[in-house]
Amino acid sequence: MVLGLNATASVVEKFVTSSDGVEIFAQAVGDSRLPTLIFIHGLALSALVWVKILRDANLLKSFQLVAYDLRGHGRSGKPDTLSGYSSELYAQDFAAVLKTFGIKSPILVGWCARTIAADVTTYIEPDTLAGVVYTAALPWLGVNQIVATEWVQSLIPGLLATNDSNLSISTRIEFGTQLFNHPEAVPTDVLWSWIGSTILQPPSKFGFLMGRTQDTTKLFEAGGNGLPLLVVNGGADKYIDGEKVLEVVDGHFKDLTVHTVKNGSHAFFYEDQAEFVREFGEVRQEGVRAGTEAVTLSVAAEFGAF
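According to our numbering, the sequence shown is numbered sequentially starting from 81.
Rendered as structure tokens:
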């Protein structure tokens, strides 16, 4: 399906079939010959959070933009067993999206607790990624007790509740509302679509997401071999402690750049979009045909291409 986005770009929406038959909802916008940014949404949410980013004129000058609903979220399939949420299957979903849209060497932009860089580097060729951008992110599973704030950890029982519908719904409303510093300034249709995404995920499936694991061995090897990592934190993030994120990634990535959005919320990419976009860095393409050759991410303090 092709939907009009603006005068110069249209979004292409597809359901991609993963290796185990689960359908993954994905969308792409922009020139496929350009380097690709793949945006991964946060826990319990969906690719709807990236709607404004997918319309960003500056990004569209330099990148093809792709976003998809992770399995267990949004419009994608939601397996009924824990085995349906394995690290390998998340990597296979990513690979299926790459194959469907003909993407080579993308930059993975992961938000919140759904960062899948460890999945991808473990089960797909190590040079698949040109770079990683941790966006107010839990960098990998297993450090949630370190980097997640006490406040957001206090919401987990409500998100898992299967026998108290009032608690389940009220927790999801609070979880969605507090993503922003100024939820009162967010258009109602946007705020409600984000909160509504959390309702599409049954509490039982949320439990499977919390129970899955990742192996960071290959991710750390890639980081030591020069996989670029850009960490962008929000200075007023209620969900992730940016300083703790820096502590856990320290020493694992040879090419590391850090930026903090002053007073930035957990969803600073929405509320402080221009600043977020500027922090991507310069991309250099090498080869004859754009979109098929290797892409290198050179992280910089400013997005010099703009």
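Cβ coordinates follow ideal geometry from the N, Cα and C atoms, glycine included.
Quick caveat: nothing in here was measured; it's all calculated off a predicted structure.
query                                                                                                                                                                 : result
Leaving out the 5 sequence neighbours to the left and right, which residues in its chain are closer than 7 Å to glycine 110 when beta-carbon positions are compared?  : Ala89, Leu140, Phe143, Gln144, Leu145
Can you check which of these residues, His332, Lys285, Ala124, Gly222, is closest to aspartate 149 by C-alpha distance?                                               : Ala124
Unbroken beta strand (DSSP E) runs of length 3 or more, entirely within the stretch 164-195: which are they?                                                          : 187-192
Taking the continuous alpha helix (DSSP H) assigned at glycine 211, which residues delimit it?                                                                        : No alpha helix (DSSP H) holds glycine 211; the beta strand (DSSP E) holding it covers 211-217.
Terminal residues of the continuous beta strand (DSSP E) containing serine 277?                                                                                       : Segment 268-279 is the alpha helix (DSSP H) holding serine 277; no beta strand (DSSP E) there.
Would you give the residue range spanned by the beta strand (DSSP E) that serine 245 belongs to?                                                                      : That residue, serine 245, is in no beta strand (DSSP E); its alpha helix (DSSP H) goes 245-257.
Curious, which full-length beta strand (DSSP E) runs of at least 3 residues does the stretch 134-165 contain?                                                         : 144-148
To the nearest angstrom, how far is it from the Cα of alanine 197 to the Cα of tyrosine 170?                                                                          : 10 Å
Who does asparagine 313 pair with in a DSSP beta bridge?                                                                                                              : Thr340
Could you pull the start and end residues of the alpha helix (DSSP H) that valine 325 belongs to?                                                                     : 322-329
In the DSSP assignment, find the unbroken beta strand (DSSP E) run with serine 126 in it and report its ends.                                                         : Per DSSP, serine 126 belongs to no beta strand (DSSP E) and is neither H nor E.
For phenylalanine 260, which three-state DSSP category applies?                                                                                                       : coil
State buried or exposed for isoleucine 387, treating a residue as buried only when at least 16 other CB atoms are found within 10 Å of its CB.                        : In this structure the chain extends from 81 to 386, so residue 387 is not present and cannot be described.
So what's glutamine 294 in DSSP terms, helix, strand or just coil?                                                                                                    : coil
Distance, Cα to Cα, leucine 134 vs valine 357?                                                                                                                        : 11 Å
Classify isoleucine 104 as helix, strand or coil using the three-state DSSP reduction.                                                                                : strand
Which class does threonine 229 belong to by DSSP, given the choice of helix, strand or coil?                                                                          : coil
Nearest by alpha-carbon distance to threonine 251: which of Leu235, His262, Ala265 is it?                                                                             : Leu235
Say whether the stretch 329-340 touches the stretch 150-167, bearing in mind that this needs 3 or more beta-carbon pairs closer than 8 Å, one atom from each stretch. : no
What span of residues does the alpha helix (DSSP H) with leucine 240 cover, start to end?                                                                             : 236-240
Any idea which residues DSSP pairs threonine 97 with across the strands?                                                                                              : Glu103
Taking lysine 318 and threonine 229 to be in contact with their CB atoms under 8 Å, please state how far apart those CB atoms are, rounded to whole angstroms.        : 6 Å
Taking C-beta to C-beta, are glycine 238 and threonine 215 nearer than 8 Å?                                                                                           : no
Decide if tryptophan 272 is buried, meaning its Cβ has at least 16 other Cβ atoms within 10 Å, or exposed.                                                            : exposed
Measure the Cβ-Cβ separation of serine 345 and alanine 302 and say whether it is below 8 Å.                                                                           : no
Mark alanine 137 as exposed unless 16 or more other C-beta atoms lie within 10 angstroms of its C-beta, in which case mark it buried.                                 : exposed
Given a cut-off of 8 Å on the beta-carbon distance, is the pair leucine 221 and arginine 292 in contact?                                                              : yes
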